[in-house]
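Enquirer: The listed protein sequences correspond, in order, to chains R and H. Residue numbers are given in the working numbering: position 59 of the first sequence equals residue 1098, and the series is strictly consecutive. Residue numbers are given in the working numbering: position 101 of the second sequence equals residue 103, and the series is strictly consecutive. Can you keep this structure in mind? I'll have questions shortly.
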Amino acid sequence: MEITSRIDGDLIQFQVVGRIDAATSASVEHAVNAAIGGGSQRMIFDMREVNYISSAGLRAILIAAKKAKAAGGGVAVFGLQAGVEEVFTVAGFGKIVPIASSDADARAKLSA
Amino acid sequence: MKHLTLADEIVVLMLDDTVGEINPGCISVAGVAIAGGVLMELALLGRIDSDLKSLFIVDPTPVGDVLLDEVLQEIGAQPEQQSSAWWIDRLSTRHTDLVERILARLVTAGILREEERRFLWVFSRRAYPQVTGREEREAKARLMSVLFNDEVPDPRDTLLLGLARSTDVLSAILSSDELDKASARIEEVAALEEIGRSVGLVARQVREAVTTIMMAQYH
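In C-alpha cells:
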C-alpha cells in the first residue's frame, strides 16, 4: 500500500493505493497522526485505488475519524470501489464517516 | 493482570451481582460472547484480521495470554480459512469450559472472589462476587459514554458494545427508557466491527435453537 498526502489549508487529502489491512493500517494511522500533529483537522481519503479493505483497515479509518473529530475536524472518503463499498455499507460506516461521490463532494461534506 | 481483555470484561458484565453467578439470561450465549471476545482481542493485538468472508492470521507471535495463545494456535492450525462466525461457533462449542476459565483467571487477578454458598440448606453452589466492582463500573461507564456521547467510538469500546448487545447485558445496565433512546446508536455502533456482527449472528442462532428445544419440550 502507498499513501501520499496533499495539504490544502487545514485540510489534508490522502491518496491511498493498494490494500488497507492489518499489514498496512499502521501506515494509515502514522499518516493521520502526522497530519494532526501538523495542524490538519479535516481529512479526505481518496480511495479510488484501494482494492481491498479488511476489518483492521476499517478500524484505522475509524481511529482517524475519532482523532480528527477530537481535533475539531472530521474525515470523509470518496471513490470507493465496489468491494470496498460493500464493506463500508455492511458496517454502516457511512453513519460515522461521510462517503462522498467525489473530491468536491467530500470537501462539501466536511465543510457542512 | 495488565488490563482486562474483552472476554474478561464481558464475563464481569454478565455476572449477576446479587448472586455472583452468570445472569440466567446470558448463560446460553456466554460461551459465544467469550469466544468472540477472544477473537476481538487477538484482532486488536494485531494477530488476526478478518473481512466479510474469512478470518485469518496476520502475525502468529504469541501474546503471552494462555487462552488467547491457545486460540491463536488453533486458528493457525486450521488448513483452510473460515469465517468469523465459523470460528465463534467452533470455539464456543469445542471449548465448553470458557466461562469457568475466565472466572478462574478473574479470581486469580483479584477481581472476583470464589465462595461456596448453600441453598435449600443442603445444596451448595459456587458464587463469584466482585471484590470491589471497579472493573464492572469502568466497563459500564465506557458503554454509557459510547451510547450517550456523540463521539466517534473507540474500536475497543465498539467491540465491547457488540458483545454487550449480543448477550443482552444492556437491558440490565440501562433502564427501558434509556434502552429505547439508545437503540439506534446501539445498532449503529455494534454494526461497525465485523467480529461484533458475527457474535450477534451466532448468539441469535443459539438463542433460537434454545427456544426451539424449549418449545419442543413444552408441547
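A virtual CB, placed ideally from N, CA and C, is assigned to each residue, including glycine. In this text the structure is predicted, and so the values were computed from the model without any measurement.
Under 8 Å between the Cβ atoms of S126 (chain H) and R119 (chain H)?
Expert: Numbered from its first residue, the second sequence carries residue 126 (chain H) at position 124. Numbered from its first residue, the second sequence carries residue 119 (chain H) at position 117. In this structure, R119 (chain H) lies closer than 8 Å to S126 (chain H) by Cβ.
Enquirer: If you run the structure through DSSP and keep just helix, strand and coil, what is M146 (chain H)?
Expert: As a first step, residue 146 (chain H) must be located in the second sequence, where it is residue number 144. Helix at M146 (chain H).
Enquirer: Consult DSSP for T169 (chain H) and reduce its assignment to one of helix, strand or coil.
Expert: The residue given as residue 169 (chain H) occupies position 167 in the second sequence. If DSSP states are grouped into helix, strand and coil, T169 (chain H) belongs with the helices.
Enquirer: Out of curiosity, what's the CA-to-CA distance linking V1116 (chain R) and R1087 (chain R)?
Expert: Position 77 of the first sequence, counted from the first residue, corresponds to residue 1116 (chain R). Position 48 of the first sequence, counted from the first residue, corresponds to residue 1087 (chain R). Taking the straight line from one Cα to the other gives about 10 Å.
Enquirer: Let me check one thing: in DSSP terms, what residues is I50 (chain H) bridge-paired to?
Expert: As a working note, residue 50 (chain H) is residue 48 in the second sequence. Partner(s): H:I59.
Enquirer: Applying the 10 Å Cβ sphere with the 16-neighbour rule, what's the burial state of M1082 (chain R)?
Expert: For the purposes of this step, residue 1082 (chain R) is taken as the residue at position 43 of the first sequence. Buried, since its Cβ has 16 or more Cβ neighbours within 10 Å.
Enquirer: Assign M3 (chain H) to one of two classes, buried (16 or more other C-beta atoms within 10 Å of its C-beta) or exposed (fewer than that).
Expert: What you label residue 3 (chain H) is simply residue 1 of the second sequence in a count that begins at 1. With a pLDDT of 46 at M3 (chain H), under the threshold of 50, the modelled position of this residue cannot be trusted, and the question is left open.
Enquirer: Quick check on K55 (chain H): buried or exposed, where buried means 16 or more other Cβ atoms within 10 Å of its Cβ?
Expert: Translated into positions along the second sequence, residue 55 (chain H) becomes position 53. So K55 (chain H) counts as exposed.
Enquirer: Comparing C-alpha positions only, which one of H:D19, H:G38, H:N151 and H:H5 sits nearest to A166 (chain H)?
Expert: The count along the second sequence starts at 1 and reaches residue 166 (chain H) at position 164. Per the Cα distances, H:G38.
Enquirer: Comparing alpha-carbon positions, which option in H:I175, H:V204, H:V201 and H:L44 lies nearest P62 (chain H)?
Expert: Position 60 of the second sequence, counted from the first residue, corresponds to residue 62 (chain H). Answer by Cα proximity: H:L44.
Enquirer: With 8 Å set as the bound, which would you pick, yes or no: does the beta-carbon of G164 (chain H) sit closer than that to a beta-carbon of chain R?
Expert: The count along the second sequence starts at 1 and reaches residue 164 (chain H) at position 162. No, no contact with chain R.
Enquirer: Specify the secondary structure class of D71 (chain H) as computed by DSSP and reduced to three states.
Expert: As a position in the second sequence, residue 71 (chain H) is number 69, starting the count at 1. Reduced to three states, the DSSP call for D71 (chain H) is helix.
Enquirer: What does DSSP give as the partner residue(s) for Y1091 (chain R) in the beta ladder?
Expert: Translated into positions along the first sequence, residue 1091 (chain R) becomes position 52. R:R1058, per the DSSP bridge assignment.
Enquirer: What's the C-alpha gap between A143 (chain H) and R199 (chain H)?
Expert: As a position in the second sequence, residue 143 (chain H) is number 141, starting the count at 1. As a position in the second sequence, residue 199 (chain H) is number 197, starting the count at 1. Rounded to whole angstroms, A143 (chain H) to R199 (chain H) spans 22 Å at the Cα level.
Enquirer: If we define contact as Cβ-Cβ less than 8 Å, is A143 (chain H) a contact residue for chain R?
Expert: Your numbering for residue 143 (chain H) matches position 141 in the second sequence. Closer than 8 Å: no.
Enquirer: So which residues on chain H does I1138 (chain R) lean against when the C-beta distance must stay under 8 Å?
Expert: On the first sequence, residue 1138 (chain R) is found 99 positions in, with the first residue counted as 1. Under the 8 Å cutoff, chain H gives no residues; its nearest Cβ is about 14 Å from I1138 (chain R).
Enquirer: At a Cβ cut of 7 Å, what residues of the region 63–95 of chain H count as close to chain R, listed as they run along the chain?
Expert: none
Enquirer: Verify whether the separation of the beta carbon atoms of L46 (chain H) and P155 (chain H) is less than 8 Å.
Expert: Here residue 46 (chain H) is taken as the residue at index 44 of the second sequence, counted from 1. Here residue 155 (chain H) is taken as the residue at index 153 of the second sequence, counted from 1. Their beta carbons are not under 8 Å apart, which means L46 (chain H) does not touch P155 (chain H) by this criterion.
Enquirer: Any C-beta of chain R sitting closer than 8 Å to the C-beta of L172 (chain H)?
Expert: Locating residue 172 (chain H) in the second sequence gives position 170, where the first residue counts as 1. Not one chain R Cβ lies under 8 Å of L172 (chain H).
Enquirer: Contact check, L162 (chain H) vs L172 (chain H) under 8 Å by CB: the rounded distance?
Expert: As a working mapping, residue 162 (chain H) is identified with position 160 in the second sequence. As a working mapping, residue 172 (chain H) is identified with position 170 in the second sequence. Not really, about 11 Å apart at Cβ, beyond 8 Å.
Enquirer: Consider the Cβ of S52 (chain H): report whether some Cβ of chain R lies at a distance smaller than 8 Å.
Expert: Looking up residue 52 (chain H) in the second sequence gives position 50. Closer than 8 Å: yes.
Enquirer: Identify the residues that DSSP records as bridge partners of D18 (chain H): which are they?
Expert: Here residue 18 (chain H) refers to the residue found at position 16 of the second sequence. For D18 (chain H), which the question treats as bridged, DSSP gives the partners H:E23.
Enquirer: If we ignore side chains and look at the alpha-carbon of each, how far apart do S1064 (chain R) and I1100 (chain R) end up?
Expert: Locating residue 1064 (chain R) in the first sequence gives position 25, where the first residue counts as 1. Locating residue 1100 (chain R) in the first sequence gives position 61, where the first residue counts as 1. Rounded to the nearest angstrom, the two C-alpha atoms are 9 Å apart.
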